[in-house]
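Enquirer:
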Amino acid sequence: MSPDDPLVRRAADPITVALTVNDRPSRMTVEPRTSLADALRDELGLTGTHVACEQGVCGACTVEVDGEAVRACLLLAVQADGTEVRTVEGLAAPDEPLHPIQQAFTDHHALQCGFCTPGLVMTVHHLLAERHGVDDGEIRTVVSGHLCRCTGYQGIVDAVRHADRTWDRPIGDGSG
Amino acid sequence: MIVVRDADANSSLGARLPRFEDGRLLRGRGRFTADTPPPRCLHVAFVRSPHPHALIEDIDVTGARSASGVVSVLTAADLPHASLVDACTVPGLVKTPQPALAGERVRFVGEAVAMVLAESRALAEDAAERVEVRYTALPPVVDPEAALLLPPLDPALSSNEVYRGRRATPGLEAAFAAADHVVSGTFTTGRLTAAPMEGRACSATFDPVADTLTVRCSTQSPHLLQRKIATCLGMDVAAVRVLVDDVGGGFGQKIPASPEEIAVALAARAAGRPVLWVEDRRENLVAGPHGKAQRVELALALDGDGTFRALRCDVLGDAGAYSFNSASALIEAYLAAGLLPGAYRIPETGWQVRSVLTTKVPIAPYRGVGWTSGHTARELLIDRAARLLGRDPVDLRRQNLVRPADLPYTTPTGMTYDSGSHLATLERAAKLVDAANVVPGPTADGRYRGFGISPYVEPSGWGSAGAAESSWSFASHDSVRVEMAASGAVTAVVGTPSQGQGHTTTLAQIVASVLTCDPRRVRVVTGDTAGTPLSTAGTRASRVATVIGGALLHATERLAAKLALVAGHLLDADPADISFRDGRAVAPSGSVGLAEIATAAVVDPAVRAALPEPDLTATAFYDPPATYSNGCVAVVVEVDPGTGRVDVVDAAVVEDCGTVINPMIVDGQTLGAFAQGVGAALYEDAGYGADGSPHATSFTDYLLPTARCLPRIALEHLESPAPHTRGGIKGMGESAMIATPGAVACAVAAAVAPLGITVTHTPIHPHELVATEE
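Just so you know, the protein sequences line up as chains X and C, in that order.
Using the working numbering, you'd call the opening residue of the first sequence number 1 and step up by one each time.
Using the working numbering, you'd call the opening residue of the second sequence number 177 and step up by one each time.
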């Protein structure tokens, strides 16, 4: 083991992580114990990723890492070294129209306080990137990985069904 | 008058308008308290009691003070301050002052005893583990009945009973004596917690030059918090500024000032650097205030034909460790008793209310407050009566509900239902779930089906009159300001922040309805006590639409009158002949647009010469009369007798909140409250063990409903405009949370009745529904 190996460093020594976030190369220096969620928020200022339970239950912190929806509170920032991360800020630039999923969420009143919303939107983005023609049962199963205290989920289910039709996207492999 | 609403109206009032706030929230550009830490801020980790009840003998902070990144470690001894006290004025309620940090005694697991200020939250948590607190454990007080016999939690009190009151109509006893049937039962509602997705969060910055404190907080009541902080810190109210932007859900939990928020304010003043506290989920579950936790003993007297004659109750409320600030211990038990008759004609009622201290987190408002507990108990009892009398549960309710001819109807508890559609909503809800064809009991596939129906009344739009009808004193002093800029853009400034209710949109719709302009031209500004008119109560009690909405109608009409003066000058018309249409002031001689009027008012010397004060600002104050929403929730459930699993397989909510401002928002409030009601009935439990330890410390213990727990819910809106409030508006945010737990509990009770199982409390746990072999 080389002395440069992260495993043999003192646990608190900061480590520099290089990754791509929302298509831009990014570097951040964090304690090894820092979660990806905290690092995105505190180091890169991407506060759209919200932290609500810090144990992977609620889904509010969901982002895409190399195309997979992951809970950013359960992944250490150092584990994301070399990956491509997409957060809610990366779905549509501020000067662009809303992403079709985001548009469907507002059209169907799929959000109220908006705290769980970014994580949900990222999970739906991952779902619909891989699947076309989802039915309500499948939508409810996927959405049940997220906790929303405001909406009762009905608007969310409607929004996902609608975005499935309106988001013009390549046909995925359906394995999602 | 009941109006069935068409899908969309042309006026901005009643339009299903998507929310203006959605875009930024969907782009991840919301601004929650944790998103804007003050520059150079210190991060807080609280040291919390592991004991339900103990004396604090000693706190040794030396190890923590020397830990990496730590700037300060503070205990009660370091932070002298005035304790938090509830403002409830109900006579006989004992006050239980609560310090920001416990100094001598802890009274629940999770009570804060010290706070670490460090350069990061992680470092603060590291150091918090090194604070050594020596306790002498005292017996926990868990069971509310036993609490009456145990030594008081506060040596200054004579008993753990902080309130006992009773009231009865004169004919109560005679009605029971003459009754053909008396049905009784005791029902309990478990401890719940609001569990907003964003927990509590607060930052504070002290300015030693100006001697002012700026606080940013996830709160429903910025002006209330401002006053509490000023009182506790011995500052002038005007020297405290509270800011609030986005709030990730509140549901009542963020009405009171939290002891932690007072501690943060004290620490910022003591430390000389800004301080930020963002609670984690465990803190929110074990130290954020809880809700419900009532035992309701009921007896209903009926005639032989099923007519309700009298209802009496004995409510025992578990207040937790303190009668919590702002709403007090009575927010549950007292309000449960006040709404005892619900939507029914019951001529005689009587109640006894007791509230006791226990070694648990204090009870604070949670959506539906005490109304949920009383309502759930009453509906379960009515179903029990229906089974006893062999009556259909819908028909027995139909017989006893308030009828259109009874309105306005005054209950024996002193509430006057101003209007409503009590029978019509019952009929529609029953029809939407096809109640007539739901056969209770076993199904072909071995499950047990049951139907529950729960017609409700929600006391709404609390100003002083509405509060008085609930026998409550309530500081509700609400003003608003409406301004028009030279461009014609309108700003509405209000003191009530939104926690997801969409005020930026709905309040703009109200203002736009007067000016006949596009609601997008109206900017709603809130969330800064330095710049918004006073709202002492803040956002709670389903009051914003009624109180703030009414005030905005007043203020905008005053603005419109000023615009008419200017327009009259520009059009050479009598201002009395001016009306507004499509965003223009219209006179017989012609018309002029709002922007043109506004520009003229600001820059045209001729206007100035003709009108001494062409000032386009208007304020208004509004304290509405009492008003009552109503509606009905109906559900069908299926119970698996092998596992006790309950599935809600069909559901409908028919609601009537008078004039609807935005039906999409009403749908959202109804659906969200329905889901919370299902959680209250079947999943959520913030209970304590016999040793006083909390059972729910994470989201794997405190189970919120997910999308898989709910069917598609049918919604309908009937409209009985309030005859006496501005615009006919009533409040509705809590309605479905009042009625849904009762509907679900009644449905489960009906399903398992053939198995000999009775339902007497919520949440209903699966193991209680498993059929056992005799």
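Note that the Cβ used here is the ideal one computed from N, Cα and C, for glycine as well.
#1: Cβ of Gly206(C) less than 8 Å from any chain X Cβ?
#2: Step through the CB atoms of chain C and report whether any lies within less than 8 Å of the CB of Pro32(X).
#3: What runs of the alpha helix (DSSP H), each 4 residues or longer, lie entirely inside the segment 767 to 845 of chain C?
#4: So which residues of chain C does Leu147(X) contact, with C-beta pairs closer than 8 Å?
#5: Taking CB distances under 8 Å as the criterion, tell me whether Cys150(X) reaches chain C.
#6: By the DSSP assignment, the alpha helix (DSSP H) with Arg41(X) in it spans what residues?
#7: If you measure between the beta carbons of Pro273(C) and Leu255(C), is that distance less than 8 Å?
#8: Count the other CB atoms within 10 Å of the CB of Ala495(C); is the residue buried (16 or more) or exposed (fewer)?
#9: So Pro839(C) packs on Arg902(C), CB below 8 Å; how close in whole Å?
#10: Determine, using beta carbons only, whether Glu43(X) comes closer than 8 Å to chain C.
#11: Quick one: Cα of Ala890(C) to Cα of His941(C), how far?
#12: Kindly indicate which three-state DSSP category Ser188(C) falls into: helix, strand or coil?
#13: Along the chain, where does the alpha helix (DSSP H) that runs through Val440(C) open and close?
#14: Using beta-carbon positions only, say whether Gly853(C) and Met913(C) come within less than 8 Å of one another.
#15: State the DSSP-derived secondary structure class of Ala495(C), mapped to helix, strand or coil.
#16: What residues in its chain sit with their C-beta under 6 Å from that of Ile507(C), if we drop five residues either side in the sequence?
#17: Below 8 Å on the Cβ atoms is my guess for Val65(X) versus Ala80(X); work out the distance and round it to an integer in Å.
#18: Taking the alpha-carbon positions, what's the Met513(C) to Trp527(C) distance?
#19: On the CB-based measure, 16 or more other CB atoms within 10 Å of its CB, does Glu233(C) come out buried or exposed?
#20: Please classify Ala163(X): is it buried, with 16 or more other beta-carbons within 10 angstroms of its beta-carbon, or exposed?
#21: Opposite Ile101(X) in the DSSP bridges: which residues?
#22: Cβ of Ala39(X) within 8 Å of Cβ of Phe115(X)?
#23: Can you list, in chain order, the residues of the segment 101 to 117 of chain X whose Cβ is nearer than 7 Å to any Cβ on chain C?
#24: Do you know whose CA, among Val359(C), Arg367(C), Ala929(C), Val318(C), lies nearest Tyr859(C)'s CA?
#25: Using a Cβ cut-off of 8 Å (strictly closer), state whether Arg367(C) contacts chain X.
#26: By the 10 Å Cβ neighbour count, where 16 or more other Cβ atoms means buried, how is Asp654(C) classified, buried or exposed?
#27: Figure out for me which residue from Gly622(C), Met591(C), Gly642(C), Leu557(C) has the closest Cα to the Cα of Ile629(C).
#28: Let me see if you follow: with CB-CB separation under 8 Å, is Val134(X) close to chain C or not?
#29: What first and last residue would you give for the beta strand (DSSP E) that runs through Ala313(C)?
#30: Helix, strand or coil for Met122(X) per DSSP?
#31: Listing by chain order, which chain A residues have their CB less than 8 Å from the CB of Pro194(C)?
#32: Quick check: what's the CA-CA separation for Val762(C) versus His730(C)?
#33: Mapping the DSSP letters down to three states, classify Gln528(C) as helix, strand or coil.
#34: Is the beta carbon of Val701(C) within less than 7 Å of some heavy atom of the ligand MN?
#35: Under the rule that 16 or more other beta-carbon atoms within 10 Å means buried, what is Thr166(X), buried or exposed?
#36: Helix, strand or coil for Trp547(C), going by three-state DSSP, please let me know.
Expert: On the basis of the supplied data:
#1: yes
#2: no
#3: 770 to 779, 781 to 786
#4: Met373, Phe875, Leu880, Thr882
#5: yes
#6: 36 to 42
#7: no
#8: buried
#9: 19 Å between Cβ atoms; not a contact.
#10: no
#11: 26 Å
#12: coil
#13: 435 to 447
#14: yes
#15: strand
#16: Pro541, Val545
#17: 6 Å
#18: According to the sequence displayed, residue 513(C) carries Ala and not Met. Whole-angstrom Cα-Cα distance: 6 Å.
#19: exposed
#20: buried
#21: DSSP lists no partner for Ile101(X).
#22: no
#23: Gln102, Phe105, Thr106, Asp107, His109, Leu111, Gln112, Cys113, Gly114, Phe115, Cys116, Thr117
#24: Arg367(C)
#25: no
#26: buried
#27: Leu557(C)
#28: no
#29: 308 to 313
#30: helix
#31: Structure shown: chain A not included; protein chains present are X and C.
#32: 21 Å
#33: strand
#34: By its list of ligands, the structure shown contains no ligand whatsoever, and the ligand MN lies outside what it can speak to.
#35: exposed
#36: helix
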